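Read through the structure below, which is laid out as structure tokens, and then see the notes.
Protein chains: 2
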Amino acid sequence: MSLVVVGSVAYDGLETPHGKVDRILGGSCTYIALAASFFTKVKIVAVVGDDFAQEDIEFLKSRQIDLEGLERVPGKTFFWAGVYSADMNDRTTLTTDLNVFADFKPKLPASYRSAPYLLLGNIQPELQRDVRQQMNGVRFSGGDTMNYWIADYRDDLLATIKQWDFLLINDSEARMLAGEHNLRRAAEKILAMGPQTLVIKRGEYGAVLFQGKDHFMVPGFLLEDVFDPTGAGDCFAGGFMGYLAERGIDPHKGGIEHAELRRAVIYGSVLGSFCCEKFGPDRFRDLSRREIDARYREFKTFTDF
Amino acid sequence: MSLVVVGSVAYDGLETPHGKVDRILGGSCTYIALAASFFTKVKIVAVVGDDFAQEDIEFLKSRQIDLEGLERVPGKTFFWAGVYSADMNDRTTLTTDLNVFADFKPKLPASYRSAPYLLLGNIQPELQRDVRQQMNGVRFSGGDTMNYWIADYRDDLLATIKQWDFLLINDSEARMLAGEHNLRRAAEKILAMGPQTLVIKRGEYGAVLFQGKDHFMVPGFLLEDVFDPTGAGDCFAGGFMGYLAERGIDPHKGGIEHAELRRAVIYGSVLGSFCCEKFGPDRFRDLSRREIDARYREFKTFTDF
Chain U
0 MSLVVVGSVA YDGLETPHGK VDRILGGSCT YIALAASFFT KVKIVAVVGD
50 DFAQEDIEFL KSRQIDLEGL ERVPGKTFFW AGVYSADMND RTTLTTDLNV
100 FADFKPKLPA SYRSAPYLLL GNIQPELQRD VRQQMNGVRF SGGDTMNYWI
150 ADYRDDLLAT IKQWDFLLIN DSEARMLAGE HNLRRAAEKI LAMGPQTLVI
200 KRGEYGAVLF QGKDHFMVPG FLLEDVFDPT GAGDCFAGGF MGYLAERGID
250 PHKGGIEHAE LRRAVIYGSV LGSFCCEKFG PDRFRDLSRR EIDARYREFK
300 TFTDF
Chain A
0 MSLVVVGSVA YDGLETPHGK VDRILGGSCT YIALAASFFT KVKIVAVVGD
50 DFAQEDIEFL KSRQIDLEGL ERVPGKTFFW AGVYSADMND RTTLTTDLNV
100 FADFKPKLPA SYRSAPYLLL GNIQPELQRD VRQQMNGVRF SGGDTMNYWI
150 ADYRDDLLAT IKQWDFLLIN DSEARMLAGE HNLRRAAEKI LAMGPQTLVI
200 KRGEYGAVLF QGKDHFMVPG FLLEDVFDPT GAGDCFAGGF MGYLAERGID
250 PHKGGIEHAE LRRAVIYGSV LGSFCCEKFG PDRFRDLSRR EIDARYREFK
300 TFTDF
């Protein structure tokens with residue numbers, strides 16, 4: 000079943016201990032959409048400038064991503080550049096040129112509005128709320144956010160996530176949002192803010208799913224080479240939501256069983272791990288569903304006891 | 000089957016965000032022995048001063064720990080004091096008074112020498128090697144080490160772990176020992192140094208077991224209150240080795256199956272998690288095997304998919 004993804008489509012300049020690229024396709028919407036495209040039909044809403052390359056359009060199209068909602072306006076595409084520390088656990092932003100993204104007002108094409116699944120990448124909470132209102136009877140919706148919105152747009156953010164079925168967030172942001180260091184207690188507080196499902200991403204250490212009194216933990220995949228971690232969290236979100244959309248589950252008709260959510264967390268982890276194997280989103284040029292399912296089984300093998 | 004544990008028995012001064020104690024029983028041997036005592040007969044080798052309290056002797060005895068190898072000499076018991084950061088991920092050492100531990104030369108009582116299992120807490124590598132040589136036909140032996148020995152006693156340490164069946168070490172120390180940041184490649188290098196089994200402890204993020212080409216990952220237990228993390232790594236070691244000793248497996252007669260090692264890693268995680276629930280080793284005053292087994296099953300519940 001189709002999934003609407005809203006967020007940034009950008010160019011990134013990346014430097015990791017493995018090398019440097021001056022300009023490569025990036026942005027939360029890009030990573031989410033590419034990861035989810037291995038499971039379901041994805042329709043994106045984003046904005047790019049007139050410098051956006053045809054080859055990048057072709058790449059997205061090659062993954063059967065619907066680009067009707069990809070607005071092209073005069074000016075330059077959002078550009079971000081950063082450099083990773085030697086252990087790749089920290090990164091320093093060198094450049095953030097919002098460019099055409101500064102005035103992004105997501106407009107959903109009519110053909111998107113009745114899609115049952117909605118995943119909102121990290122953008123201004125008010126815009127996230129506005130997008131959800133443009134949808135008709137969305138079944139399962141949620142998204143990501145970041146420290147900036149938590150700190151400076153808290154009320155806006157709370158109004159937004161109150162309507163969401165799920166929130167996907169990293170551990171430091173979960174702690175910040177809850178005002179509580181202990182992850183288990185932070186999760187309880189966040190679940191009281193609205194979303195019935197919470198996934199806390201912990202980078203190389205995996206993820207934790209919380210729903211009601213239940214939780215599920217998965218360790219991170221031990222890659223032999225982390226080439227570039229850019230986009231891994233967004234790919235987690237894309238794999239998670241892509242799997243749920245593929246399964247076509249309606250939480251309002253009997254709920255998504257916790258077992259399906261657990262599988263979705265594993266698929267999220269699988270896509271996040273593949274993302275790190277090449278620069279930017281390059282791993283998705285030749286990744287296959289067969290490899291994805293094989294890694295899913297690897298997760299079973301190295302966690303089973 | 001009985002397990003010999005060698006290491007420090009000490010007093011600690013501890014300050015965590017939950018409170019402060021000026022003097023409480025501590026030391027690697029203490030934590031390992033207490034944790035392992037829920038599974039098997041434990042015989043300790045350590046040294047204390049004439050200030051060592053009778054009530055602490057009674058506590059160890061109440062866990063059926065054999066104290067024949069606990070030497071008492073004139074002087075003061077090893078004292079360490081430290082303060083934890085607000086998130087308890089860092090600690091600052093305030094005092095390290097080695098006292099009688101400075102001249103510790105472990106001597107195994109005759110009744111210890113034919114024990115089949117040996118766990119060496121973090122002490123000078125040469126002493127660890129010497130202890131192993133005092134044993135007759137030990138079946139399964141190994142231990143822990145720390146950054147100090149890795150940096151300044153490397154050759155000594157390599158000669159020691161070459162003889163071990165397993166090495167238990169934390170992640171930053173594994174990286175340091177291997178000279179390699181990537182955990183998977185670091186593990187390969189360490190396995191080439193001698194031990195057939197490697198367990199890398201990752202604090203709140205759990206642990207990874209490596210054996211041959213196989214690995215097993217377990218996330219850390221999500222405690223609602225981490226009261227005091229002191230000794231958790233040693234309790235992990237005690238639970239791990241205690242379980243293997245209880246099962247009485249002989250790796251030289253057909254090997255410890257990987258499945259048993261995985262279960263041992265879970266029991267290690269369980270004991271490490273209980274350790275954090277009270278100050279120092281206080282949680283072990285009333286812990287029961289029933290609670291341990293219940294938490295083992297909880298690990299199943301929150302990791303299964």
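These protein sequence lines are chains U and A, in that order. Under numbering that gives the first Met the number 0, the residues of the first sequence are numbered 0 to 304, in order. Under numbering that gives the first Met the number 0, the residues of the second sequence are numbered 0 to 304, in order. Yeah, the Cβ is synthetic: ideal placement off N, Cα and C, and Gly gets one too. Just so you know, these numbers come straight off a predicted model, no measurement behind them.
- In this chain, Asn181(A) is not harboured by any beta strand (DSSP E), its DSSP state being neither H nor E.
- Take the alpha-carbon of Ser1(A) and the one of Ser287(A): they are about 20 Å apart.
- Distance from the CA atom of Pro108(U) to the CA atom of Val44(U), rounded to whole angstroms, is 9 Å.
- Under the 8 Å criterion on CB atoms, Ile149(U) is classed as non-interfacial with respect to chain A.
- Interface flag for Met240(U) against chain A is unset, since no Cβ pair is found closer than 8 Å.
- With distances taken between CA atoms, Arg112(U) lies nearest to Arg131(U) out of Ala150(U), Lys277(U), Arg131(U), Lys104(U).
- With a threshold of 8 Å between beta carbons, Leu221(U) makes contact with chain A.
- At least 8 Å separates the beta-carbon of Ile199(A) from that of Leu176(A).
- Pairing Asp213(U) with His257(U) gives a Cβ-Cβ distance under 8 Å.
- Contact annotation for Asn181(A) against chain U: Leu222, Glu223, Asp224, Val225 [CB-CB distance below 8 Å, chain order].
- With respect to chain A, the C-beta atom of Tyr204(U) has a partner C-beta closer than 8 Å.
- Note: Ala206(A) is bridge-paired with Lys200(A), Val217(A) in the DSSP secondary-structure output.
- Of the other Cβ atoms in all chains shown, fewer than 16 fall within 10 Å of the Cβ of Leu93(A); this residue is therefore exposed.
- Every unbroken stretch of the alpha helix (DSSP H) spanning 4 or more residues and falling wholly within the segment 210-292 of chain A is given here in chain order: 231-246, 257-274.
- Within the segment 30-116 of chain A, the alpha helix (DSSP H) runs of at least 4 residues that lie entirely inside it are, in chain order, 53-61.
- As DSSP reads the structure, Asn169(U) sits in a beta bridge with Lys200(U).
- Taking the Cα positions, Tyr266(A) is about 8 Å away from Phe235(A).
- Inter-residue distance for Thr76(A) and Leu222(U) is about 45 Å (C-alpha atoms, whole angstroms).
- DSSP lists no bridge partner for Val130(A).
- Any Cβ of chain A closer than 8 Å to the Cβ of Thr302(U) would place that residue at the interface, and such an atom is present.
- If you look at Ala191(A), you'll find it isn't in any alpha helix (DSSP H); DSSP assigns it neither H nor E.
- With 16 or more other Cβ atoms inside 10 Å of its own Cβ, Asn98(A) counts as buried.
- Under the three-state reduction of DSSP, Tyr295(A) is assigned to helix.
- Here Cys28(A) has Val4, Val5, Gly6, Ser7, Val8, Ile43, Ala45, Gly120 as same chain residues with Cβ atoms under 7 Å from its own Cβ, once five neighbours each way along the sequence are excluded.
- Under the Cβ distance rule, Met145(U) does not count among the residues neighbouring chain A, no pair being separated by less than 8 Å.
- Close to Val99(A), with beta-carbon spacing below 8 Å, lies no residue of chain U; the smallest spacing is near 38 Å.
- Contact between Phe239(A) and Leu167(A) holds, since their C-beta atoms are separated by about 7 Å, short of 8 Å.
- From the listed residues Gly279(A), Val72(A), Cys274(A), the smallest Cα separation to Glu290(A) is found for Cys274(A).
- Boundaries for Asp143(A): no beta strand (DSSP E) harbours it, and the DSSP string shows neither H nor E there.
- For Ile160(A), the uninterrupted alpha helix (DSSP H) run begins and ends at 153-160, by DSSP.
- For the pair Phe100(A) and Ile122(A), the Cα-to-Cα distance works out to about 10 Å.
- When the alpha-carbon of Thr95(A) is set against those of Pro105(A), Asp89(A), Val82(A), Lys104(A), the nearest one is in Val82(A).
- Straight-line spacing of the CA atoms in Ala80(U) and Ile255(A) works out to 50 Å.
- Within the model, the alpha-carbon separation for Glu297(U) versus Gly205(U) is close to 14 Å.
- From the listed residues Leu182(A), Ala34(A), Phe78(A), Val269(A), the smallest Cα separation to Gly12(A) is found for Phe78(A).
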